[in-house]
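Below is one structure, written out as structure tokens; the observations come after it.
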Amino acid sequence: MKVLYAAAEAVPFAKSGGLGDVAGALPAALRKRLVGCRVVLPFYQDTPKALKEQMTLLGEMWVPLSWRSQYCGIYEAKVGNVIYYLLDNKYYFGRKGYYGYFDDGERFAFFSKAVLELLQHIDFKPDVINCNDWQTGLIPFYLNKFYRNAGDVYANLKVVYTIHNIQYQGVFAPSIVENVLGVEWNEYAGGYLQFDNCVNYMKTGIEAADWITTVSPTYAQEIQTPEYGHKLDSMLKQESQKLSGILNGIDTEKFNPETDPALFCNYSLEHLEGKKACKKGLQEMLGLTVRDDVPIVAVVSRLADHKGLDLIAHVFDEMLGDDMQFVVLGVGEWRYEEMMKKAAIAYPGKVSVNLRFDADLAQKIYSGADILLMPSQSEPCGLSQLIAMRYGTIPVVRETGGLKDTVQPYVSWEGRGNGFSFAAYNAHDMLYVIRQAEETFHNPENWKQVMTNAMKTDVSWNGPAKDYLALYRKITGKK
Numbered sequence: 001m002k003v004l005y006a007a008a009e010a011v012p013f014a015k016s017g018g019l020g021d022v023a024g025a026l027p028a029a030l031r032k033r034l035v036g037c038r039v040v041l042p043f044y045q046d047t048p049k050a051l052k053e054q055m056t057l058l059g060e061m062w063v064p065l066s067w068r069s070q071y072c073g074i075y076e077a078k079v080g081n082v083i084y085y086l087l088d089n090k091y092y093f094g095r096k097g098y099y100g101y102f103d104d105g106e107r108f109a110f111f112s113k114a115v116l117e118l119l120q121h122i123d124f125k126p127d128v129i130n131c132n133d134w135q136t137g138l139i140p141f142y143l144n145k146f147y148r149n150a151g152d153v154y155a156n157l158k159v160v161y162t163i164h165n166i167q168y169q170g171v172f173a174p175s176i177v178e179n180v181l182g183v184e185w186n187e188y189a190g191g192y193l194q195f196d197n198c199v200n201y202m203k204t205g206i207e208a209a210d211w212i213t214t215v216s217p218t219y220a221q222e223i224q225t226p227e228y229g230h231k232l233d234s235m236l237k238q239e240s241q242k243l244s245g246i247l248n249g250i251d252t253e254k255f256n257p258e259t260d261p262a263l264f265c266n267y268s269l270e271h272l273e274g275k276k277a278c279k280k281g282l283q284e285m286l287g288l289t290v291r292d293d294v295p296i297v298a299v300v301s302r303l304a305d306h307k308g309l310d311l312i313a314h315v316f317d318e319m320l321g322d323d324m325q326f327v328v329l330g331v332g333e334w335r336y337e338e339m340m341k342k343a344a345i346a347y348p349g350k351v352s353v354n355l356r357f358d359a360d361l362a363q364k365i366y367s368g369a370d371i372l373l374m375p376s377q378s379e380p381c382g383l384s385q386l387i388a389m390r391y392g393t394i395p396v397v398r399e400t401g402g403l404k405d406t407v408q409p410y411v412s413w414e415g416r417g418n419g420f421s422f423a424a425y426n427a428h429d430m431l432y433v434i435r436q437a438e439e440t441f442h443n444p445e446n447w448k449q450v451m452t453n454a455m456k457t458d459v460s461w462n463g464p465a466k467d468y469l470a471l472y473r474k475i476t477g478k479k
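According to the numbering used here, the sequence shown holds residues 1 to 479 in order.
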């Protein structure tokens, strides 16, 4: 089995969100299962210098894009046991950042065409291209329209299209149809590309791909409803026979409390005293009162309604009235940043507010906190709760998307469950389960049990990689 994994970002070359983590970890997990999996992504200006120095220029090609041909350099790099191809065009990708430019429609139309052209220039003949999010939505469309009969490498090629977040769909004005995409107007009208009087890259990928996946079983069901589908729910219902949800995992070698260099003290399930040292170190670092007898409740998140900050705002004073400490790390909407700043002033020694991105501090919080709060409106999969469980920090989540699939409510009399959850998007329901978690914290025997359950939860890529491999076998008919 050979798979080309096409994404707009992949760790360690480029990352703006969860997609970068997935594209950096899943191919490595597939390689461990002896799958020939290689990754292709744009060569951005922001690619780390140390990685640039390790790349090899394989060759050059010209990519047809409507009426013009655009230059593309092909670079190769190897990280671990995975080969990466980076496609270079300074006009499109020699800019600061990855997305948000006026010509994103043209930039990722070029990338989609370049991925298919690449197959004629490398010694790798994939059985499957796994496309990811809107930036690669044109690949299955272009494959069927321009390349299917262009050679053996394309003849039996299958496409899996993975939706990481349906909210971002790649919607552009119809004016790009002929001049950028190279498609006749009459083929656009009523075809794969058109949706809601615009060009929609994600809709195109959904319809043109052989199979659709998303990042959790619950999210696969949710996006078929108006509440979560962002107007694509009806189409996904129609395509439900080729839609499945496969949970994400995390890199358990990178996120390992026994070896993580960012921690104040390394620890394991068998030697949990190190977690107490991490808690004390976090309290001292953030100016909190050093106390072992109160739980630290942490939020590591964008500060936005989407992440449930409106629920926190509604009961914030009630919550802070409890005998607990509160730590937040992240940036977001001005009103929530101001709310956090005021709380830090009103509750010195009890509240620590860190309005920034800080990967090192995030690891210290995951290891030093007792409870991670994730009351999201929607969460396709979520990685924070997986990392928290790996470090023995107990998630309190709303039952949506991957949060529902990965966090099972703790039942003390049965000794099962790895966290706490609530179903309705309601602030007092959230507060109730936070207090459940606080009460459990004060029962050392029960708290150790839920911590043990959390740390024993398999959050690795082993299961998801097995599921992806089964899917690739299914759609290709290969054993």
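Heads up, the beta-carbon is just placed ideally off N, CA and C, and yes, glycines get one too. Predicted model, so just to flag it, every value in this text is computed and none were measured.
Is the separation between the beta-carbon of residue i and that of residue j shorter than 8 Å?
{"i": "Gly97", "j": "Phe172", "result": "no"}
{"i": "Leu471", "j": "Trp211", "result": "yes"}
{"i": "Tyr85", "j": "Leu116", "result": "no"}
{"i": "Ser367", "j": "Pro261", "result": "no"}
{"i": "Tyr154", "j": "Pro140", "result": "no"}
{"i": "Glu438", "j": "Leu403", "result": "no"}
{"i": "Ile129", "j": "Ala6", "result": "yes"}
{"i": "Leu4", "j": "Trp461", "result": "no"}
{"i": "Leu58", "j": "Ile74", "result": "yes"}
{"i": "Tyr263", "j": "Cys381", "result": "The identity of residue 263 in the sequence shown is Leu, whereas the question assumes Tyr. Not a contact, by the Cβ cut-off of 8 Å."}
{"i": "Gly36", "j": "Met1", "result": "yes"}
{"i": "Leu118", "j": "Leu87", "result": "yes"}
{"i": "Lys341", "j": "Gln325", "result": "no"}
{"i": "Gly401", "j": "Thr218", "result": "yes"}
{"i": "Asn89", "j": "Tyr101", "result": "no"}
{"i": "Leu386", "j": "Val327", "result": "no"}
Tell me, to the nearest whole angstrom, how far the beta carbon of residue i is from that of residue j; I am working on the premise that it is less than 8 Å.
{"i": "Arg33", "j": "Leu469", "result": "6 Å"}
{"i": "Val396", "j": "Ile434", "result": "6 Å"}
{"i": "Pro12", "j": "Pro42", "result": "At roughly 15 Å, the Cβ-Cβ gap does not stay under 8 Å, so Pro12 and Pro42 are not in contact."}
{"i": "Asn418", "j": "Asn446", "result": "About 13 Å; that fails the 8 Å criterion."}
{"i": "Val300", "j": "Ile365", "result": "6 Å"}
{"i": "Ser352", "j": "Leu286", "result": "4 Å"}
{"i": "Leu272", "j": "Gly392", "result": "7 Å"}
For the beta strand (DSSP E) containing residue i, name the first residue and the last one.
{"i": "Cys198", "result": "Cys198 to Asn200"}
{"i": "Cys72", "result": "Arg68 to Val79"}
{"i": "Leu87", "result": "Val82 to Asp88"}
{"i": "Leu65", "result": "Thr56 to Leu65"}
{"i": "Gly245", "result": "Leu243 to Gly245"}
{"i": "Ile212", "result": "Trp211 to Thr214"}
{"i": "Asn354", "result": "Val351 to Asn354"}
Which stretch, first to last residue, makes up the alpha helix (DSSP H) that contains residue i?
{"i": "Leu193", "result": "Careful: Leu193 lies outside any alpha helix (DSSP H) and carries neither H nor E."}
{"i": "Cys278", "result": "Glu273 to Leu286"}
{"i": "Asn446", "result": "Pro444 to Lys456"}
{"i": "Lys237", "result": "Asp233 to Gln238"}
{"i": "Leu51", "result": "Lys49 to Lys52"}
{"i": "Pro140", "result": "Leu138 to Tyr142"}
{"i": "Ala155", "result": "Asp152 to Ala155"}
{"i": "Ala220", "result": "Pro217 to Glu222"}
{"i": "Pro226", "result": "Pro226 to Gly229"}
In three-state DSSP terms, what is residue i?
{"i": "Cys131", "result": "strand"}
{"i": "Ile122", "result": "coil"}
{"i": "Lys96", "result": "coil"}
{"i": "Ala369", "result": "coil"}
{"i": "Arg31", "result": "helix"}
{"i": "Val22", "result": "helix"}
{"i": "Leu4", "result": "strand"}
{"i": "Thr162", "result": "strand"}
{"i": "Val183", "result": "coil"}
{"i": "Pro464", "result": "helix"}
{"i": "Leu41", "result": "strand"}
{"i": "Ser268", "result": "coil"}
{"i": "Val299", "result": "strand"}
{"i": "Ser112", "result": "helix"}
{"i": "Gly205", "result": "helix"}
{"i": "Val177", "result": "helix"}
{"i": "Gly477", "result": "coil"}
{"i": "Phe255", "result": "coil"}
{"i": "Phe172", "result": "strand"}
{"i": "Gly36", "result": "strand"}
{"i": "Ala470", "result": "helix"}
{"i": "Ala362", "result": "helix"}
{"i": "Ala304", "result": "coil"}
Runs of beta strand (DSSP E) lying entirely within the stretch 307-343, each at least 3 residues, in chain order: As far as the stretch 307-343 is concerned, its whole beta strand (DSSP E) runs of at least 3 residues are 325-329.
Secondary structure, beta strand (DSSP E): runs of 3+ residues fully inside the stretch 390-437: Segments of the beta strand (DSSP E) lying fully in the stretch 390-437: 394-398 and 420-422.
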